[in-house]
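Asker: Numbered continuously in the numbering used here, the sequence shown closes out at residue 399.
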Amino acid sequence: MLQPGDLIELWAVDARLGGEGGTAFLAHLGEDPAQKVVVKLLSPREGRVDLMRDRLLRDARSLLNLEHPGLPRILSLRLTGQLPNAVMEHIPGEPLSNRVPGLPLNSETAVAFVRELCKPIQALHSVGLRHRDIKPANILLRPGQGPALVDLGLPAAIAPPRRSSWPYVPPEWLSDRQPSDSSLWDMYSLGVVLYELLRGKLVYAGHNVETREEMLALKKAYGPLDPGREVPVDLRRVVRRLTHPDPRKRIRRVEELLARLDAMDLERAEPSMSLDGHTTFPGDDTVSPELTLRPDEPTNVDDIDLDAEEAAEDEPPVEPPAPGQRLEDPIAPPLPRRVVKPESAEKPEDDVPPADIRWVAFLMAALTVLGLLLAAYFTRPFFSGGP
13 MLQPGDLIEL WAVDARLGGE GGTAFLAHLG EDPAQKVVVK LLSPREGRVD
63 LMRDRLLRDA RSLLNLEHPG LPRILSLRLT GQLPNAVMEH IPGEPLSNRV
113 PGLPLNSETA VAFVRELCKP IQALHSVGLR HRDIKPANIL LRPGQGPALV
163 DLGLPAAIAP PRRSSWPYVP PEWLSDRQPS DSSLWDMYSL GVVLYELLRG
213 KLVYAGHNVE TREEMLALKK AYGPLDPGRE VPVDLRRVVR RLTHPDPRKR
263 IRRVEELLAR LDAMDLERAE PSMSLDGHTT FPGDDTVSPE LTLRPDEPTN
313 VDDIDLDAEE AAEDEPPVEP PAPGQRLEDP IAPPLPRRVV KPESAEKPED
363 DVPPADIRWV AFLMAALTVL GLLLAAYFTR PFFSGGP
């Protein structure tokens, strides 16, 4: 494990970034302490560098061609030796994680911040790359400038998400059957960050989650995140769309999100501006033990006009665990959907038999009449009365 003062080629390590287990290090040139860089290790454990050389080179080339003030530039890439690494520009700033949890932002401030954060994300997506680790620790606040998105690494060499990133990972990427397309990952993460800014709390902070399976069950139990009644309805709907467990119902592109932010009405909120005792959020530190949660109830959302496809959902309720509770069976087999058949406008009368029975009765009556006619025909000599 690298310690301050250790060397990565010409670079002397100053500190590890991203907490314990992180693979990014703040370093300086051995002869010039003022020249700071970020060295991102690309170990075989993080993507089998030897087998993914072509893809790493392609991703590095895309980053080399990308210049945006909110994204660090890649300075060099080394795929050989004991410590394959990417050397990236160091962007100074304060991590957003220093402010969250904290006081919740008002809707206008939160939307303005997300608009600025969309700029580096949009630039990254424009060259076909994804970040896949957007969270407050990787968002830097810079006075007089927009936020910066750091710890890019190389998309082809991103390791499985660490525990600190689980709340920001889409449910489909926490399961064993991961999709091949990660285009919706960043949008989901951005939705969780927006939720935390509006709530002033970390999502799922009150739950002791130790495995990816437990986090997956928790996300499925709560369903789409909703910041609450004091937030304008249009903004609540955007947060729910960004964090929907079903990727098919999620906002897919930065351009779509920006269009929704432009069109929303930030003045229209629910009449009740306070959070009553019956409202529970995934980020609350305590949850009333007698409160029963359902996927559509953690934030009292049944009183707002959701989009038609979301309002039409009819999922069976799934109960999330209480904070600190271990899940013995975190993933239950899927329950069958309930099919609600529309009632007919005209109900049949109770005394009218079904159509198939009426046809059988008609056929039997016809056969009876035919039998009587045949019997009368063949027996007429006995009743004719002639000589």
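Just so you know, even glycine gets a beta-carbon here, dropped at the ideal spot from N, CA and C.
Could you check whether the region 127–143 touches the region 232–248, counting it as contact only if at least three pairs of C-beta atoms, one from each stretch, sit closer than 8 Å?
Answerer: no
Asker: Can you give the Cα-Cα distance for A387 and W371, rounded to whole angstroms?
Answerer: 25 Å
Asker: Applying the 10 Å Cβ sphere with the 16-neighbour rule, what's the burial state of T35?
Answerer: buried
Asker: Name the residue from P16, L75, G156 and A233 whose alpha carbon lies nearest to the alpha carbon of G105.
Answerer: G156
Asker: How many whole angstroms separate the CB atoms of P107 and I146, which I take to be in contact at a CB cut-off of 8 Å?
Answerer: Wrong, their Cβ atoms sit about 13 Å apart, outside the cutoff.
Asker: Report buried or exposed for N97, applying the criterion of at least 16 other Cβ atoms within 10 angstroms of its Cβ.
Answerer: buried
Asker: If we require 4 or more residues per run, which alpha helix (DSSP H) segments fall completely within the region 113–138?
Answerer: 119–138
Asker: Kindly indicate which residue of V51, F37, K52 and A24 has the alpha-carbon position closest to the one of P45.
Answerer: A24
Asker: Measuring CA to CA, which of L91, A271 and V245 is closest to D71?
Answerer: L91
Asker: Could you spell out where the beta strand (DSSP E) holding K48 opens and where it closes?
Answerer: Following the DSSP letters along the chain, one finds K48 inside the beta strand (DSSP E) bounded by residues D44 to L53.
Asker: Taking L53 as the reference, which of L41, G42, H80 and S88 has the closest Cα?
Answerer: S88
Asker: Please classify V266 as buried or exposed, where buried requires at least 16 neighbouring CB atoms within 10 angstroms.
Answerer: V266 is buried by the Cβ-count criterion.
Asker: Who are the near neighbours of A39 in its chain, counting only those whose CB is closer than 7 Å to its CB and skipping five residues on each side?
Answerer: I20, W23, A24, V25, D26, V49 and V51
Asker: For D246 and G17, I'd like the C-alpha separation in whole angstroms.
Answerer: 51 Å
Asker: Just how far apart, CA to CA, sit L273 and S119?
Answerer: 11 Å
Asker: Mark S201 as exposed unless 16 or more other C-beta atoms lie within 10 angstroms of its C-beta, in which case mark it buried.
Answerer: buried
Asker: In the DSSP assignment, the alpha helix (DSSP H) including R111 goes from what residue to what residue?
Answerer: Segment: none, R111 is in no alpha helix (DSSP H) and carries neither H nor E.
Asker: Can you give the Cα-Cα distance for Q94 and M13, rounded to whole angstroms?
Answerer: Spanning the two alpha carbons is a distance of roughly 13 Å.
Asker: What is the rounded straight-line gap between the Cα of R174 and the Cα of S74?
Answerer: 25 Å
Asker: Check I103 in the structure and name its three-state DSSP category.
Answerer: coil
Asker: Using only alpha-carbon positions, find the residue among F374, L379 and D198 that is nearest to P259.
Answerer: D198
Asker: Give every residue of the same chain whose Cβ lies closer than 8 Å to the Cβ of Q15, excluding the five residues on either side of it in the sequence, and list them in chain order.
Answerer: V25
Asker: Just to confirm the assignment, what range does the alpha helix (DSSP H) spanning R28 have?
Answerer: Unbroken run through R28 is the beta strand (DSSP E), W23 to L29; no alpha helix (DSSP H).
Asker: Under three-state DSSP, which class holds S88?
Answerer: It is a strand residue.
Asker: How long is the line joining the alpha carbons of E184 and A233, rounded to whole angstroms?
Answerer: Their Cα atoms are separated by approximately 14 Å.
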